[in-house]
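Residue numbers (the working numbering), protein chains in the order written: chain A, 203 to 561; chain P, 203 to 561.
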């Protein structure tokens with residue numbers, strides 16, 4: 203038997219999560235030599251993703267939301283990449299296949315031939331509910347497939363295509379531009395010929411926004427957003443990654459018939475700033491639409507995988523990641539990510555669980 | 203010379219308007235016998251409309267908004283119906299023509315052959331900027347053409363068609379259902395096969411909502427909206443006539459992929475309740491769109507006039523009006539309308555300036 207370390211959901215946070223919200227547990231084991239039948243396989247996880255939406259899952263199970271609550275004292279789940287290390291003769295996976303999907307955060311994964319996904323999870327995940335084999339002919343780091351070529355990249359790609367209704371020469375504002383969704387959104391907007399204003403929380407991040415192509419980049423902690431909007435706006439497409447008080451300010455600088463793509467990260471911690479100027483929706487005939495990436499999966503998934511990984515590999519699209527090593531560091535990675543204060547730089551936060559020694 | 207009484211914008215209100223915001227003035231005169239040339243005509247106004255959006259125009263001219271500010275010490279303007287009593291030989295109007303459009307609130311109107319409309323007003327009015335001849339082959343009361351067959355009716359008709367994306371069997375919530383927009387919205391929703399929940403501020407109004415076809419009608423002053431939404435919701439299409447705190451409650455009871463048609467009357471008086479749960483837009487993937495009726499005028503105006511007046515005349519669509527007699531009573535009509543406390547019943551508030559003695 204082999205130790206199968208897990209990251210358990212340990213306690214429901216009141217307000218901001220702390221390291222006590224999680225428990226790194228090494229008491230479980232898995233038999234890596236077990237006989238496999240009925241399509242089963244064993245996956246060794248390579249890396250897993252830490253994303254803001256996970257905060258919303260750290261809640262009592264009786265509170266319903268768009269995503270299923272994490273189960274207390276069970277491994278948290280999220281997007282991960284792994285490699286198949288064992289497979290039954292009748293499995294749809296082969297040893298050496300790399301797979302992407304929603305997984306429990308632990309070292310090894312027993313994957314039954316018939317995956318049983320409860321209804322709530324299936325509704326949340328949509329067509330992502332089973333593991334997808336990733337060929338990676340582009341030779342990207344595997345972590346890219348949970349970042350720029352994974353859920354956050356898809357979020358930006360699909361929502362931009364579906365909601366932005368972008369027209370050349372318009373102005374886009376993208377907050378949290380250095381995060382994984384923001385990075386891709388900036389580049390989508392530039393590719394469509396928009397002028398891009400973007401913000402982030404440090405001068406180092408702001409410099410990166412410019413590298414990504416942002417025409418105007420500012421540090422929301424030290425710069426006056428209103429002054430910048432007044433000079434470089436009004437905003438035609440507003441990608442709301444943050445929300446709250448910032449959103450109220452942004453509404454004042456929206457252009458007539460502006461579109462708002464809804465994210466609201468600030469709400470994940472139960473923050474509840476009251477937005478007072480929704481009348482701007484009438485005055486400026488604004489349209490706002492909230493989304494989760496699963497909504498558009500079926501429509502765009504093929505186009506996404508056919509185009510984005512190549513562009514990332516060729517450098518036509520840039521991305522920046524922030525790696526934490528070892529599942530035991532996932533709580534720190536998560537808390538740093540929520541606070542926007544990663545120790546190892548910035549960008550898409552992920553945890554490397556193991557090296558891909560089978561490739 | 204004949205007295206030409208006017209309703210002047212007298213003072214910019216702080217908070218709620220008062221009767222001092224207006225001045226009924228009888229010092230102006232008009233020469234009804236003057237020689238007319240170059241396409242000019244003279245219109246005697248029959249009735250004018252009092253609408254919530256007018257509150258937004260009672261502001262300092264230097265504050266820009268979607269509608270032009272009223273000019274201090276000049277007649278307020280809005281939708282009216284009049285009859286042509288004199289016309290130059292080369293006028294596009296004939297004596298006896300009834301005309302609909304945006305007019306100064308006064309007894310008589312000199313209409314130049316070439317109407318000069320400033321840019322701001324033209325942008326606001328769109329294709330309505332000039333007077334439209336109304337045939338009224340249906341024999342409706344003229345007031346209907348500033349109500350159910352006028353701007354408020356168009357607002358409901360056009361926004362419902364453009365934004366609701368209604369599907370049979372869905373649930374619509376329409377607040378302020380006894381007002382002129384709400385009345386039509388309820389009937390539009392029923393015609394599309396939706397279950398309609400609607401609210402109003404008195405039991406008499408609530409009874410009328412049921413007459414209009416609302417499946418569930420409640421008095422928002424005495425009933426518990428949340429309980430009603432919990433029992434009869436969730437809401438697929440939310441027509442936000444009120445906004446503010448009610449809107450925050452409604453958001454909690456929206457269905458997945460719900461649509462929100464944006465009105466926000468409560469904001470007209472500068473009220474500014476902060477809506478704290480915009481994260482529902484993500485959680486439920488909601489879409490919200492604000493509009494003003496002029497946006498859709500070109501697209502729907504022919505269909506509107508070809509269908510709605512007939513249905514109103516045949517009783518296929520119901521409407522209720524609330525008449526005030528005499529321009530001097532327009533301030534009271536306006537204040538009553540804003541407060542939802544009309545002395546003469548409820549429904550579309552208008553002022554009868556003169557009888558149509560030319561018909």
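The C-beta atom is built at its ideal place from N, Cα and C for all residues, glycine as well.
Please state if the CB of residue j and the CB of residue i are separated by a distance shorter than 8 angstroms.
i	j	result
residue 364(P)	residue 438(P)	no
residue 400(P)	residue 416(P)	yes
residue 284(P)	residue 304(P)	no
residue 223(P)	residue 260(P)	yes
residue 478(A)	residue 476(P)	yes
residue 346(A)	residue 529(A)	no
residue 268(P)	residue 326(P)	yes
residue 386(A)	residue 358(A)	yes
residue 229(A)	residue 293(A)	no
residue 535(A)	residue 551(A)	yes
residue 344(A)	residue 248(A)	yes
residue 572(A)	residue 317(A)	It is not possible to answer for residue 572(A), since the shown part of chain A is limited to 203 through 561.
residue 464(A)	residue 490(A)	yes
Does residue i come out as helix, strand or coil in the three-state DSSP assignment?
i	result
residue 316(A)	coil
residue 221(P)	helix
residue 257(A)	helix
residue 297(P)	coil
residue 496(A)	helix
residue 561(P)	Only weak support exists for where residue 561(P) lies, its pLDDT of 44 falling under 50; the value from the coordinates is given anyway. Coil, per DSSP.
residue 244(P)	strand
residue 454(P)	helix
residue 236(A)	coil
residue 252(A)	coil
residue 510(P)	helix
residue 284(P)	strand
residue 544(A)	coil
residue 311(A)	strand
residue 213(P)	coil
residue 393(A)	helix
residue 549(P)	coil
residue 186(P)	Given a span of 203 to 561 for chain P in the structure shown, any question on residue 186(P) remains unanswerable.
residue 420(A)	strand
Could you name the residues that DSSP lists as bridge partners for residue i?
i	result
residue 489(P)	491(A) and 461(P)
residue 360(A)	DSSP, once it has assigned bridges, lists no residue as partnering residue 360(A).
residue 306(A)	279(A)
residue 375(P)	399(P) and 440(P)
residue 383(P)	BP columns for residue 383(P) are empty, so no partner.
residue 204(P)	232(P)
residue 227(A)	208(A)
residue 334(P)	302(P)
residue 477(A)	477(P)
With a cut-off of 8 angstroms on the beta carbons, I'd call residue i and residue j a contact; round off their distance for me.
i	j	result
residue 391(A)	residue 383(A)	In fact, because the Cβ distance is near 12 angstroms, the residues do not count as touching under 8 angstroms.
residue 376(A)	residue 441(A)	4 angstroms
residue 179(P)	residue 307(P)	Because chain P spans 203 through 561 in this model, residue 179(P) falls outside it and cannot be assessed.
residue 210(A)	residue 288(A)	Rounded, the Cβ-Cβ distance is 25 angstroms, inconsistent with contact.
residue 506(P)	residue 356(P)	6 angstroms
residue 549(A)	residue 522(A)	3 angstroms
residue 445(A)	residue 480(P)	7 angstroms
residue 241(P)	residue 315(P)	2 angstroms
residue 504(A)	residue 353(A)	Their Cβ separation, rounded to whole angstroms, is 16 angstroms, which puts residue 504(A) and residue 353(A) out of contact at 8 angstroms.
residue 511(A)	residue 340(A)	5 angstroms
residue 174(A)	residue 492(P)	With chain A covering 203 to 561 only, the question about residue 174(A) has no answer from this structure.
residue 423(P)	residue 395(P)	No, residue 423(P) and residue 395(P) are not in contact; Cβ-Cβ is about 30 angstroms, not under 8 angstroms.
residue 431(A)	residue 455(A)	4 angstroms
Measure the C-alpha to C-alpha separation of residue i and residue j and round it to an integer number of angstroms.
i	j	result
residue 557(A)	residue 525(A)	13 angstroms
residue 436(A)	residue 429(A)	11 angstroms
residue 301(P)	residue 451(A)	43 angstroms
residue 216(P)	residue 262(P)	11 angstroms
residue 520(P)	residue 334(P)	24 angstroms
residue 264(A)	residue 411(A)	40 angstroms
residue 235(A)	residue 312(A)	12 angstroms
residue 458(P)	residue 485(P)	8 angstroms
residue 453(A)	residue 527(A)	40 angstroms
residue 553(A)	residue 374(A)	31 angstroms
Looking at the ligand ZN, does it come within less than 7 angstroms of residue i, judged from the CB to the closest heavy atom?
i	result
residue 548(P)	Annotation note on the ligand ZN: not contained in the displayed structure, which lists no ligands.
Quick check on residue i - is its C-beta less than 8 angstroms from some C-beta in chain B?
i	result
residue 540(P)	Given the protein chain composition of this structure (A and P), no chain B is represented.
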